[in-house]
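The opening residue of the sequence shown carries number 151 in our numbering; numbering runs sequentially from there. All residues carry an ideal CB built from backbone N, CA and C; glycine is no exception. Below is one structure, written out as structure tokens; comments come after it.
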Amino acid sequence: MIKDLLILLSIHPEKGWVRKRSSMVHVLLAACFYDLVLKGYLKLPGGRIACSRYPPSDTLLHDLSGKLARNNGKKFSWVVQKFFMLPGKYYRTQMLQLEQKQLISSRRLEWLGITWGKRYRVNKIRGLKPLIAEIERALIYGRQPGLSTRLLVELFGTLGLLGIFVPDRELKKTAKRRYKELSKRAFNEDHESHSAIRKELRSALRRNKVHPQ
Numbered sequence: 151m152i153k154d155l156l157i158l159l160s161i162h163p164e165k166g167w168v169r170k171r172s173s174m175v176h177v178l179l180a181a182c183f184y185d186l187v188l189k190g191y192l193k194l195p196g197g198r199i200a201c202s203r204y205p206p207s208d209t210l211l212h213d214l215s216g217k218l219a220r221n222n223g224k225k226f227s228w229v230v231q232k233f234f235m236l237p238g239k240y241y242r243t244q245m246l247q248l249e250q251k252q253l254i255s256s257r258r259l260e261w262l263g264i265t266w267g268k269r270y271r272v273n274k275i276r277g278l279k280p281l282i283a284e285i286e287r288a289l290i291y292g293r294q295p296g297l298s299t300r301l302l303v304e305l306f307g308t309l310g311l312l313g314i315f316v317p318d319r320e321l322k323k324t325a326k327r328r329y330k331e332l333s334k335r336a337f338n339e340d341h342e343s344h345s346a347i348r349k350e351l352r353s354a355l356r357r358n359k360v361h362p363q
């Protein structure tokens, strides 16, 4: 899922923290909405919610889809503002799920017996290499990525984290240009839904004084 890959790729391999934590909590919500659209549980025709309940196999998507379904027919832009007001609880649920799935492991950071944070490690990081290669091809060579990968690129571009995939200074300029070109292209399917989610994410970041890239 996009939401899982977003976090896995954002964990710093040496330092163990999630990059851009203050922005990530908002971007994670957008990734969840994209997942619901891609899996056929959410559509936003005319900007209005049409959602069905996601199975309980994923606690976060199950919870979010239930709340959206109770607002079917209402404007997405009105309803979703409440979600973006308290994104931290969704972030904590996501991190717990990744640990339960054994996709990540963590260690507590303590001082004077008080836990003040966690450091994470991605398990089986080699499994991400094909995706990273696809992202690099899109950012450096301009190849058209699959829809899920494209949405991931846009999310990382919004976070200002394209440098994860393109560390070279000169290539970073190319990557940023490719990202901007990609974000202007129309979607082939579910155009209204993806565009509505992107718009609300950018609005949420501005409201919280986190300027999208």
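How many whole angstroms separate the CB atoms of residue i and residue j, which I take to be in contact at a CB cut-off of 8 Å?
i	j	result
L246	S215	With 8 Å as the limit, L246 and S215 do not qualify as a contact, their Cβ atoms being about 18 Å apart.
V303	L332	6 Å
Y184	H344	7 Å
L411	K326	This structure leaves residue 411 out entirely; the chain is present only between 151 and 363.
When DSSP labels each residue in this structure, what does residue i get in the three-state scheme?
i	result
G166	coil
Y184	helix
K330	helix
A336	coil
K225	strand
D154	helix
K251	coil
F315	coil
Q294	coil
G310	coil
P99	In the structure as shown, the chain starts at 151 and stops at 363, and residue 99 therefore has no counterpart that could be examined.
Please work out which residues of its chain come closer than 7 Å, Cβ to Cβ, to residue i, disregarding the five sequence neighbours upstream and downstream, and give them in chain order.
i	result
A181	I152, K153, L156 and L305
D321	The sequence given here places Leu at residue 321; Asp does not occur at that position. Within the same chain, L321 has close Cβ partners I290.
F234	H176, L179 and A354
I199	L218, N221, N222, G223, K224, F226 and V229
T243	T209 and L210
By Cβ distance below 8 Å, which residues in the same chain neighbour residue i in space, the five residues on each side in sequence not counted?
i	result
T324	L289, I290 and V316
T299	L281, E284, I285 and A288
V272	L158, I161, P163, L253, I254 and L278
What are the residues that DSSP puts in a beta bridge with residue i?
i	result
Y364	This structure leaves residue 364 out entirely; the chain is present only between 151 and 363.
A200	K193
I347	For I347, which the question treats as bridged, DSSP gives no partner whatsoever.
I161	V168
* Three-pair Cβ contact test at 8 Å for the stretch 271-291 versus the stretch 168-177 -> No, the stretch 271-291 is not in contact with the stretch 168-177.
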